Amino acid sequence: MLAPLSKFKSILSAGLFVPLFLIFLGASPGVSAAPGSEFTARLMNLESEVKNPFRFSATLHNGAATEQVFEFKAELPAGWMAVFRAEGSQLTALKMEAGKSRDVDIEILASPMTRPGKFTIPVTAASGTETLRLTLEAVVKGNYEVQLSTPDGRLSDEVTEGRSRQLVLTVQNSGTLPLNDLEMTAQSPPQWKAAFEPSKIDRLDPGQTRQVNVTLSVPDKTIAGDYLTTFTVRNNYANANTSFRMTVKTSLLSGWIGLLVILLAVGLVYNLIRKYGRR
157 MLAPLSKFKS
167 ILSAGLFVPL
177 FLIFLGASPG
187 VSAAPGSEFT
197 ARLMNLESEV
207 KNPFRFSATL
217 HNGAATEQVF
227 EFKAELPAGW
237 MAVFRAEGSQ
247 LTALKMEAGK
257 SRDVDIEILA
267 SPMTRPGKFT
277 IPVTAASGTE
287 TLRLTLEAVV
297 KGNYEVQLST
307 PDGRLSDEVT
317 EGRSRQLVLT
327 VQNSGTLPLN
337 DLEMTAQSPP
347 QWKAAFEPSK
357 IDRLDPGQTR
367 QVNVTLSVPD
377 KTIAGDYLTT
387 FTVRNNYANA
397 NTSFRMTVKT
407 SLLSGWIGLL
417 VILLAVGLVY
427 NLIRKYGRR
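Anchor point for the sequence shown: position 70 equals 226 in the numbering used here, and the numbering is continuous, going up by one each time.
The following block contains the structure:
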């Protein structure tokens, strides 16, 4: 009776030893399973102004035993764009050999009208057998920016010397933060005058446009020709300027006076020649 029982215990011990050995072998630091496919990024969160692109550096690894083609997609807010590049070339899909890794650059462009904040960008690299997911974060910083122009974009006009010309300028907040205490100034030729209405804009919200009326006065006896006046709008955070060309023409009265002066001079010379030419 003792011999069969002893033999059964030996068999049981051997049966338990094999699974325990296999578990120990799988957990051993010297033995590891083949790595799977991965899609990772060095930096998951980037911060930038809305006018600058967010550039992420990622790595794609094909851990499958066969070659795969991965297609890239990004879930973006309305008006945003995403561009994928590998080795400097733009692409939408990438063929990967088994066990190989490739660097992938992801460039995300925010909509110009995006307000400051943090945006989550899910990105996928999908093949026929697996989908790799990567979550990126783009933090849009607020920026100050202002533009100065005219309603129709025209930056030239004509004026008669000694008179004034009414102009209209447009001031636009093209940034993402409000602009306060914007002041209007002008750099014009000597003795010219520029009056603004209004001369100061207390507040201009993002995307908002305000018109400013300008009275440009040209002094008397200004020589006919083209003259430049530079208009500027600025505050402590942003500024913009535009050059306006004004063509000055002489008045009709000034022309007749000039012609009369010339005729008088010619007559005077003629009389002098007749009077002293006979001697």
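The C-beta atom is built at its ideal place from N, Cα and C for all residues, glycine as well. It should be emphasised that the depicted structure is a prediction, and the values quoted were computed from it without experimental measurement.
- Task: Using the DSSP secondary-structure output, state which residues sit across from G381 in a beta bridge.
- Result: V404
- Can you tell me which of the three DSSP states A254 falls into? coil
- Message: For a test of the three-state rule: what should DSSP assign to A197, helix, strand or coil?
- Response: The three-state secondary structure of A197, taken from DSSP, is strand.
- 8 Å Cβ cutoff met for E227 and T248: yes
- Quick one: is T378 buried, meaning 16 or more other Cβ sit within 10 Å of its Cβ, or exposed? buried
- Message: Taking contact to mean 3 or more Cβ pairs, one atom from each stretch, closer than 8 Å, check whether the region 336-350 and the region 275-285 are in contact.
- Response: No: fewer than three Cβ pairs fall under 8 Å.
- Reference E293; option with closest CA among T386, Y383 and R211: R211
- Query: Just checking, does the region 315-322 make contact with the region 385-394 on the three C-beta pairs under 8 Å criterion?
  - Reply: For the pair of segments examined, the region 315-322 was found not to touch the region 385-394: the number of CB pairs separated by less than 8 Å stays below three.
- Task: Compare the Cα-Cα distances from I259 to each of T291, D361 and A242 and report the closest residue.
- Result: The amino acid at residue 259 is misidentified as Ile; the sequence shows Asp. With distances taken between Cα atoms, D259 lies closest to A242.
- Query: What residues in its chain sit with their C-beta under 7 Å from that of A254, if we drop five residues either side in the sequence?
  - Reply: N218, A220, A221, T222 and E223
- Query: What three-state label does DSSP hand L333 in the structure shown?
  - Reply: Three-state DSSP puts L333 in coil, outside helix and strand.
- Query: In chain order, what residues of the same chain have a beta carbon less than 6 Å from the beta carbon of S355, not counting five sequence neighbours either side?
  - Reply: M340
- For N454, is the classification buried or exposed, using 16 other Cβ atoms within 10 angstroms of its Cβ as the cut-off for buried? Absent from the model: residue 454. The displayed extent of the chain is 157 to 435, so no value can be given.
- Message: Check this for me: beta carbons of I194 and L288, under 8 Å apart or not?
- Response: As written in the sequence, residue 194 is Glu, which differs from the Ile given in the question. In contact: E194 and L288 (Cβ atoms closer than 8 Å).
- Top-ranked residue by Cα proximity to G235, from N201, R401 and I264: Selection N201, R401 and I264 evaluated against G235 yields I264 as nearest (Cα-Cα).
- Going by alpha carbons, who is nearest to Q246 out of I262, V324 and D361? I262
- With DSSP run on the structure shown, which of helix, strand or coil describes A281? In this structure, A281 counts as strand in the three-state DSSP scheme.
- Thinking just about the alpha-carbon of each residue, which of A394, A281 and R271 is nearest to the one in V327? A394
- Continuous beta strand (DSSP E) assignments of at least 3 residues falling wholly in the region 351-376: 356-360 and 365-373
- Task: Count the other CB atoms, across all protein chains shown, that sit within 10 Å of the CB of P362; report buried if there are 16 or more and exposed otherwise.
- Result: buried
- Message: Determine whether the beta carbon atoms of Y153 and V404 lie at a separation below 8 Å.
- Response: As shown, the chain starts at 157 and ends at 435. That puts residue 153 outside it, with no answer to give.
- Task: Could you pull out every residue in the same chain whose Cβ sits closer than 7 Å to the Cβ of P345, ignoring the five residues on either side in sequence?
- Result: Cβ within range, chain order: Y383.
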